[in-house]
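Presented below is the structure to which this report refers.
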Amino acid sequence: MASSIDDLKSAIKKALPDLDMVIAWAAGPDPLSHTPLFITEEADIERIEWDPRCSQNLAGYLPGLRGKKVGIVVKGCDARSLVELLQEKLIDREDVTIFGLHCTGAVDARTARKALGSLRGLESVSIDGGTASFSVSGESKTLPLAGVLQKKCFTCTGADAEVCDHFIGEHGQPPQVTDIPATTLEELQAMSMEERLHFWEDQMSRCIRCYACRSACPLCVCQDHCAAQSREPHWVDQTDHPREKLMFQAIHALHTAGRCTECGECERACPMGLPIMTLKQALNLSIQDLFDYKAGTDPDQAPPLFEFREEEKNIKERDW
Amino acid sequence: MPTARYIANDKLMPWLLSLTETRQVLAPVQAGGQTLFAPLTADSQLDINGLADASAKAALLPRCETLFEFHYSKSEGIPSKTELEVRETLPDQDTFLFGARPCDAKGFTVFDRVYDGGTRRDIYYCTRRDKTIVATLACTDPADTCFCNRVGGGPGDTDGSDILFTPVDGGYVIEPVTERGEAFLAEQPLVEAEDRKEEARKVREKVAEAMPDEGSLGGAKGEVLELFDDKEFWGDVTAKCLSCGACSYLCPTCYCFNMTDESNGDDGVRVRTWDNCMSFQFTLEGSGHNPRDGKAQRMRNRIGHKFSYYPELHDGNLACVGCGRCIVHCPVSMDVRAIVAQARDRALAKQEHAND
Chain D
112 MASSIDDLKS AIKKALPDLD MVIAWAAGPD PLSHTPLFIT EEADIERIEW
162 DPRCSQNLAG YLPGLRGKKV GIVVKGCDAR SLVELLQEKL IDREDVTIFG
212 LHCTGAVDAR TARKALGSLR GLESVSIDGG TASFSVSGES KTLPLAGVLQ
262 KKCFTCTGAD AEVCDHFIGE HGQPPQVTDI PATTLEELQA MSMEERLHFW
312 EDQMSRCIRC YACRSACPLC VCQDHCAAQS REPHWVDQTD HPREKLMFQA
362 IHALHTAGRC TECGECERAC PMGLPIMTLK QALNLSIQDL FDYKAGTDPD
412 QAPPLFEFRE EEKNIKERDW
Chain X
1157 MPTARYIAND KLMPWLLSLT ETRQVLAPVQ AGGQTLFAPL TADSQLDING
1207 LADASAKAAL LPRCETLFEF HYSKSEGIPS KTELEVRETL PDQDTFLFGA
1257 RPCDAKGFTV FDRVYDGGTR RDIYYCTRRD KTIVATLACT DPADTCFCNR
1307 VGGGPGDTDG SDILFTPVDG GYVIEPVTER GEAFLAEQPL VEAEDRKEEA
1357 RKVREKVAEA MPDEGSLGGA KGEVLELFDD KEFWGDVTAK CLSCGACSYL
1407 CPTCYCFNMT DESNGDDGVR VRTWDNCMSF QFTLEGSGHN PRDGKAQRMR
1457 NRIGHKFSYY PELHDGNLAC VGCGRCIVHC PVSMDVRAIV AQARDRALAK
1507 QEHAND
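In structure tokens, the structure reads:
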């Protein structure tokens, strides 16, 4: 990625004079995760970082910056969020300048922290083939990808930003993760309904209701006016019961059905490590079955629940 | 006379479990890949290697506290009249909180000044506080994001604790901090270890000395206040903020709450639940007007409260204990230390400019 970062910096330098800002990543206070960087002056460009610690999906900032000329740096999965935002007309294509990259996989700071132990002296992180290398005080520690990457990377469908104005570096394949543990969705599918409810009640008992999942979701457009905190209508009460908290997750998942590109921000942002993307993955499977549709792939298609057809190809209502 | 005691590593868990016979023991345990404070049981995986992912604050300020229960019924005499019955619900459980870190315990002193502030005593908080023994574990391996030493604390401090555990070779030296702590320890079958106090003191001293000293974040209350109207500053520092509540809810000092009635038919509860100033609803007025309608104003309040308004009201004590959880768990890696430092630099630069 070393050459990519220089190319990225020069491309941004060239574009910046015509833009209000460019959003990229810079070194963060935690050695395992970088932080979004809002570039408005050329001097900021030097702070840009690009490696597997660039975990945040920056696309979520765009709807809030509508009307401004914004440059944005995206990985493959982030670009799928852009596609969805464009389809839903939440951003204007002509106002956004996209710098696309090939991603070798994004580190899950929470699991990597546990796998690595002390982070003191962590200098760099790189991914090559099936392993991640962490350079700690001059020494290299190598770990298998299944132990350090975000779960979404295990099933990555495209590591290159498909929609972009400037593609930086070389195209490539998704990370080759071996020994992938069973996904939460697979585990749940093997359970009875009762077991599933028990699973979720157990998980949701840890939820602290910070709504980081919602705030980090690039497609959660209600934000300040979310049903979770509304008293009228009173969909969710404020008691600490896991079912109330699961109710909010159900609302979130249904609001993103057929829209969610599985960027994984909800799960990454959750400080309690709840496997909440699973709910969206389950709905996406249904969407795929019913409508042959995969969110975030084609800017010219409309999300299925945005349209009405008298007869759907895969839903034989007349035969019911 | 307070005495130090000692417990060997392998005796710790059995001893903690023996306490569960008479009280609830809250301790950091493994829960779904996280380390969280939860009631200890024989099946619990105690995890005291580092800082728990969430602070220990729920021990004294639960996420959801039932203030009272109520029930509506038709009046027997006059059918058009409704009777209301209210039942008091006060916490009644004795608790031993084990494995809070010095920052967690110091957070309780921030609550004490508010909820047990002389003329105004919050009965729910004070009852819990009285029923809870806080046994703190001195830190031996502060993380990169720890900064207790920059906000008036330290990795071996005892503020807010009743008992202090210090890891030593083979086990822990246990020292009483308060009379309550001593009274509790006196009833426990623990080995006396006055002779190992010095060893424990040295452990704490070594850890404190090894923490990088990057300067105090205290004493910035004037500077932060000076930037109250500086929209550009708050806009810049919050550009990446998502305005979620992760920082507040993991914070050992954030104590704001919401109160709602949640009813089901004729029965209901009034609950007090955590609230946070990063939420749009926090200052939303009945008229629909919101004096803090953007994340910049909300973060200004968050920083202002911790580093300016609270110290102004409470003898210069900050409402930040430097645990760094807001940094580690922030989805976009915001850094509270950097914001305070930047605020101070900016205010000083403005002052200099005014003097030019």
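First to last, the sequence lines map onto chains D and X. Going by this note's numbering, the first sequence opens with residue 112, and the numbers climb by one from there. Going by this note's numbering, the second sequence opens with residue 1157, and the numbers climb by one from there. All residues carry an ideal CB built from backbone N, CA and C; glycine is no exception.
inquiry  = Please identify the residue among D:V181, D:V236, D:C275 and D:P174 whose C-alpha is closest to the C-alpha of L201 of chain D.
reply    = D:P174 is the residue among D:V181, D:V236, D:C275 and D:P174 whose C-alpha sits nearest the C-alpha of L201 of chain D.
key: Per-residue contacts from F149 of chain D into chain X (C-beta, under 9 Å)   = Those within 9 Å of F149 of chain D in chain X are D1392, A1395 and K1396.
task = Report yes or no: is there a C-beta of chain X within less than 9 Å of the C-beta of F163 of chain D?
result = In the sequence under discussion, the amino acid at residue 163 of chain D is Pro, which differs from the Phe named in the question. So, not an interface residue.
ask   = First and last residue of the alpha helix (DSSP H) that includes Q284 of chain D?
value = Going by DSSP, Q284 of chain D is part of no alpha helix (DSSP H) at all; its letter is neither H nor E.
ask   = Can you tell me whether DSSP reads I233 of chain D as helix, strand or coil?
value = Sequence check: residue 233 of chain D is Leu here, not Ile. Strand at L233 of chain D.
task = Indicate whether at least one CB of chain X lies closer than 9 Å to the CB of G139 of chain D.
result = With 9 Å as the cut-off, G139 of chain D counts as an interface residue toward chain X.
key: Beta carbon proximity, L385 of chain D to chain X, threshold 9 Å   = So, interface residue.
ask   = Would DSSP call W1390 of chain X helix, strand or coil?
value = Looking at W1390 of chain X - three-state DSSP - the assignment turns out to be helix.
request  = Over the uninterrupted beta strand (DSSP E) stretch that includes S144 of chain D, give me the two end residues.
outcome  = Boundaries of the beta strand (DSSP E) around S144 of chain D: S144 to I150.
request  = Please say whether G1460 of chain X and V1380 of chain X have beta carbons closer to each other than 9 Å?
outcome  = A contact, by the Cβ cut-off of 9 Å.
ask   = Can you tell me whether DSSP reads T1322 of chain X as helix, strand or coil?
value = Strand, per DSSP.
task = List the residues that DSSP assigns as beta-bridge partners of D141 of chain D.
result = Per DSSP, D:S144.
task = Give a yes or no on whether the minimum CB-CB distance between C374 of chain D and chain X is below 9 Å.
result = For C374 of chain D, the answer is no, since every Cβ of chain X falls outside 9 Å of its Cβ.
task = Would you verify that the beta carbon of N1189 of chain X is, or is not, closer than 9 Å to some beta carbon of chain D?
result = First, the amino acid is wrong: residue 1189 of chain X is Gly here, not Asn. Taking a beta-carbon distance threshold of 9 Å, G1189 of chain X counts as an interface residue toward chain D.
query = Of all the residues that make up the region 1461-1490 of chain X, which are near chain D by a beta-carbon distance shorter than 9 Å?
reply = For the region 1461-1490 of chain X, the set of positions with a beta-carbon nearer than 9 Å to some beta-carbon of chain D reads G1480, R1481, I1483, V1484, H1485, C1486, P1487, V1488, S1489 and M1490 in chain order.
Assigned secondary structure, W311 of chain D (DSSP; H/G/I helix, E/B strand, else coil) = Correct three-state label for W311 of chain D: helix.
message = Please classify M112 of chain D as buried or exposed, where buried requires at least 16 other C-beta atoms within 10 Å of its C-beta.
response = Confidence is the limiting factor: at M112 of chain D the pLDDT is only 48, short of 50, which leaves the residue's position unreliable, though a coordinate-based value still follows. Burial is judged here by how many other beta carbons sit within 10 angstroms of a residue's own beta carbon; M112 of chain D has at least 16 and is buried.
task = Kindly say whether L1192 of chain X, judged by its beta-carbon, lies nearer than 9 Å to any beta-carbon of chain D.
result = Taking Cβ atoms only, chain D reaches closer than 9 Å to L1192 of chain X, which makes this a yes.
key: 6 Å CB neighbourhood of E1331 of chain X in its chain, flanking five on each side removed   = Exclusion of the five residues before and after E1331 of chain X leaves A1160 and L1320 as the residues of its chain whose Cβ lies within less than 6 Å of its Cβ.
key: For G1263 of chain X, three-class secondary structure by DSSP   = Helix.
inquiry  = Helix, strand or coil for N1414 of chain X? Go by DSSP, reduced to three states.
reply    = The answer is strand: DSSP assigns N1414 of chain X an E or B state.
message = Which residues does DSSP list as the beta-bridge partners of R1276 of chain X?
response = Within the DSSP bridge table, the entry for R1276 of chain X names X:G1273 as partners.
message = So, with DSSP's three-state summary, where would you put G440 of chain D?
response = This structure cannot speak to residue 440 of chain D, because chain D is shown only from 112 to 431.
Nearest-angstrom beta carbon gap, T408 of chain D and V194 of chain D [assumed within contact, 8 Å] = Between V194 of chain D and T408 of chain D the beta-carbon gap is near 7 Å, inside 8 Å, which marks them as a contact.
task = Starting from C1220 of chain X, follow its DSSP beta bridges and name the residues at the other end.
result = Looking at the DSSP assignment, C1220 of chain X forms a beta bridge with X:T1429.
request  = Under 9 Å between beta-carbons, which chain D residues line up against D1209 of chain X? List them in chain order, please.
outcome  = Going along chain D in sequence order, the residues near D1209 of chain X (Cβ under 9 Å) are R221, P382, M383 and G384.
Environment of N1457 of chain X [buried if 16+ CB atoms lie within 10 Å] = Buried, since its Cβ has 16 or more Cβ neighbours within 10 Å.
task = Compare the beta carbon distance of S246 of chain D and V259 of chain D with 9 Å and say whether it is the shorter of the two.
result = Judged by beta-carbon spacing, V259 of chain D lies beyond the 9 Å limit of S246 of chain D, meaning their Cβ atoms are not closer than that value.
ask   = Where do the ends of the beta strand (DSSP E) carrying L1182 of chain X lie?
value = From DSSP, the beta strand (DSSP E) with L1182 of chain X extends over Q1180 to A1187.
task = List the residues of chain D that Q1437 of chain X touches, going by C-beta distances under 7 Å, in chain order.
result = Within 7 Å Cβ-Cβ: Q340.
key: Residues of the region 343-369 of chain D whose Cβ lies closer than 7 Å to any Cβ of chain X, in chain order   = When CB distances to chain X are screened at a threshold of 7 Å, the residues of the region 343-369 of chain D falling below it are D348, Q349, T350 and D351, in chain order.
query = Tell me, which residues are paired with Q340 of chain D by DSSP?
reply = In DSSP, Q340 of chain D forms no bridge with anything.
inquiry  = Against chain D, with Cβ distances strictly below 9 Å, would S1404 of chain X count as a contact?
reply    = Yes, S1404 of chain X counts as interfacial toward chain D.
request  = Would you list, in sequence order, the uninterrupted alpha helix (DSSP H) runs of no fewer than 4 residues that lie entirely inside the region 1426-1504 of chain X?
outcome  = Complete alpha helix (DSSP H) runs here, min 4: 1451-1460, 1466-1469 and 1481-1484.
key: Check whether G1401 of chain X and A323 of chain D have beta carbons under 9 Å apart   = Contact flag set, yes.
inquiry  = Quick check: the Cα distance between P386 of chain D and E298 of chain D, rounded to an integer number of angstroms?
reply    = One Cα belongs to P386 of chain D, the other to E298 of chain D, and the distance between them is close to 12 Å.
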